[in-house]
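Numbering (the working numbering), first residue to last: 5 to 96.
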């Protein structure tokens, strides 16, 4: 027997979804490092997104450097551990 899952689009669901997206973006940080592990840049993710939108050539150069394996870009976010209230680091 198949189960059916429904999702209603209404003002409450859309508003809470957008708020969750902004919360995750605000809690995340963008880290640029070399392949040897030397950290060059660590900024909030929102600033990284703004830089990519305002100066798209920087984003293109960053993608080229990633493909050439010169730099490594990570997005990190601290998440709350529900078991004992401690924070853990979530790296994507």
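A virtual CB, placed ideally from N, CA and C, is assigned to each residue, including glycine.
What separation, rounded to the nearest whole angstrom, lies between the Cα atoms of residue 11 and residue 41?
In this model, residue 11 and residue 41 are separated by some 43 Å (Cα to Cα).
Which listed residue (24, 35, 23 and 66) has its alpha carbon closest to that of residue 108:
The chain is shown from 5 up to 96; residue 108 falls before or after that span and cannot be answered.
Going by beta-carbon coordinates alone, are residue 48 and residue 33 separated by less than 8 Å?
Cβ distance < 8 Å, so residue 48 and residue 33 count as in contact.
Take the Cβ of residue 21 as the centre, count every other Cβ of all protein chains shown within 10 Å, and call the residue buried at 16 or more, exposed below.
Here residue 21 is exposed: its Cβ has fewer than 16 other Cβ atoms, across all protein chains shown, within 10 Å.
Within the same chain, show all residues whose beta-carbon is closer than 6 Å to that of residue 31, passing over the 5 residues directly before and after it, in chain order.
Its chain contains 81 as the residues whose beta carbon lies nearer than 6 Å to that of residue 31, once the 5 sequence neighbours on both sides are disregarded; these appear in chain order.
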